[in-house]
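Undergrad: Structure incoming, see below.
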Amino acid sequence: MIIYGLKNCDACKTLLKVQPQFELVDVSITPVPENLLNEALKIFGEKLINKSSTTWRKLDTETREQKPLDIIRLNPKVMKRPLVQLKSGELLLGSGALKD
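Numbering (our numbering), first residue to last: 228 to 327.
As structure tokens, this is what we get:
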């Protein structure tokens, strides 16, 4: 199982404490694979972009008006975290992704 996020993200660190067997992929270093990002956008749509983040607030209007895929490609830190890929291939999004 893979967590796509940032090594300094509190939500990602919390999830790794609960699920230490998960692998963290830091999206600021290694981009989310294109096919996975496309699938996540199909499932979560605009919710995949964290519009309350500092990164989003720093983007200019022209960048904010681009397609979500292009925005995330150019600014991977704007993606809502964590994006979790389970062994089954199922994708979950956000800090409450694995809460039962």
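Where is the CB? At the ideal position from N, CA and C, for every residue including glycine. This one's a predicted model, so the numbers in the text were calculated from it and none came from an experiment.
1) Report buried or exposed for K278, applying the criterion of at least 16 other Cβ atoms within 10 angstroms of its Cβ.
2) At a cut of 8 Å, does the segment 294-306 reach the segment 269-276 through at least three beta carbon pairs?
3) With a CB to CB cut of under 7 Å and the five nearest residues on each side skipped, what residues in its chain are close to G188?
4) Is L319 buried or exposed, if buried means 16 or more other CB atoms sit within 10 Å of its CB?
5) Could you check how far apart the C-beta atoms of L263 and Q293 are, in whole angstroms? I think they sit under 8 Å.
TA: In short, the structure shows the following:
1) Its Cβ having fewer than 16 others within 10 Å, K278 is exposed.
2) At 8 Å Cβ cutoff, the stretches touch.
3) What the structure shows of the chain is the stretch from 228 to 327, and residue 188 is not part of that stretch, so it cannot be assessed.
4) Buried is the call here.
5) The beta-carbon distance between L263 and Q293, rounded to whole angstroms, is 20 Å. This is too long to meet the 8 Å contact definition.
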